[in-house]
Every structure is written in C-alpha cells, then in structure tokens.
C-alpha cells in the first residue's frame with residue numbers, strides 16, 4: 008500500500024439514527040471513500056428516505072447492503088453482499104463487494120467481486136465479544152488488491168495493519184461512538200491521518 012492511499016469505508020450501525028444523512032455527509036466530507044448503508048432491519052422506505060436526505064453529489068459513494076432495488080431509483084456506488092443478501096440482482100453490472108469471515112472465503116470471493124471485507128481483524132467495538140480471529144500468517148497470505156480490514160479498526164490499529172496486503176480499512180464502532188459532529192470530525196481526521 009505504499010504508493011496508493013488506502014480506502015476508508017464507514018459502515019452504518021445496525022439501527023437508523025436521527026440525523027444520519029447529515030452524519031454521512033460529514034463522514035464523506037471528512038475523507039471516507041465510501042459509506043456502506045447496512046441497516047439490516049430497515050425497511051425499503053427507511054433506506055429510500057436516508058438516501059433521499061443525503062445530497063446527490065455523494066450518492067456515487069454509497070453502497071447498499073440490502074434493498075438492492077433502490078439501484079433502480081438512485082445512481083449509487085455499488086452493492087455489498089452478505090448473509091442476508093448473498094447474490095447480486097440479475098443483470099446488475101455495477102461494483103460488488105462481499106463480507107467474508109475466513110481466508111478461505113476471501114480467496115473464493117476475490118475472484119468475482121471488486122473487494123471483500125474481512126472480519127474480525129481486531130476486537131470489535133460495536134459487537135462486544137467478537138474478537139480478532141486471524142494469525143499473522145493468515146493475514147500475510149491475503150490476495151493483493153482485494154481485502155479491506157474490518158472489525159475494531161481504530162487509528163492505532165491502522166498503523167499496525169499496514170504490514171499486511173489490505174487495500175483499506177472499514178470502520179463502524181469507532182466512528183459511530185462519536186457523540187457530536189465535532190467529535191465525529193476529529194475521529195475522521197485521526198483515521199485519515201493514519202492512512
């Protein structure tokens with residue numbers, strides 16, 4: 008990763024938050040490459056409302072974890088496959104990423120998606136008890152140009168993880184624990200500086 012700046016992905020928390028669209032705009036303004044709209048319990052209407060409330064100039068930097076039919080209404084940055092939504096819609100030709108929880112799954116998925124997230128790399132902030140699960144040897148053997156580290160990512164962890172072939176880092180708990188917009192901006196500054 009020496010020549011190219013790492014990708015920084017913010018993943019929304021499980022539940023929709025008050026003023027989330029403004030927070031997402033702040034995150035994208037602050038240097039995140041993408042925001043993944045996760046919200047496993049959100050309805051189609053909830054997701055549509057969030058996207059409508061985000062300024063259109065950011066839409067190409069949003070990726071969906073569900074409700075892929077929203078791609079028919081918005082020009083979004085792609086989709087992210089997971090256990091709830093394991094397949095891309097028929098005839099979809101946009102950017103696709105996938106969740107993986109093992110090196111074996113990374114090696115399988117890396118052949119047919121743009122990138123994968125691998126977790127948990129470090130002990131999760133948003134899921135207590137969900138602990139880092141990979142050895143130095145496993146992380147060193149990851150395919151080049153395909154893997155984004157997820158799980159407990161903080162600015163301090165990024166410097167430790169640069170020895171591995173990650174193309175970037177995905178954050179959830181570290182960002183969404185921020186209590187104010189100023190704190191969110193400070194956390195983003197620390198993350199982007201660590202890249």
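In the working numbering, the protein residues as written are 8 to 202.
C-beta: ideal position from N, C-alpha, C; glycine also.
In this text the structure is predicted, and so the values were computed from the model without any measurement.
Distances from the alpha-carbon of residue 180 to those of 144, 155, 130 put 130 closest. Boundaries of the beta strand (DSSP E) harbouring residue 125: 122-125, taken from the DSSP string. Looking at 89, 128, 127, 32, the one whose alpha-carbon comes closest to that of residue 66 is 32. For residue 194, the enclosing alpha helix (DSSP H) stretches over residues 188-201. Less than 8 Å separates the beta-carbon of residue 15 from that of residue 176. Closest by C-alpha distance to residue 19, out of 80, 41, 12, is 41.
A straight line joining the alpha-carbon of residue 91 with that of residue 75 spans about 12 Å. Look at the stretch 30-96 and you find these whole runs of alpha helix (DSSP H), each 4 residues long or longer: 51-60. In the DSSP assignment, residue 163 falls within the alpha helix (DSSP H) that extends over 162-168.
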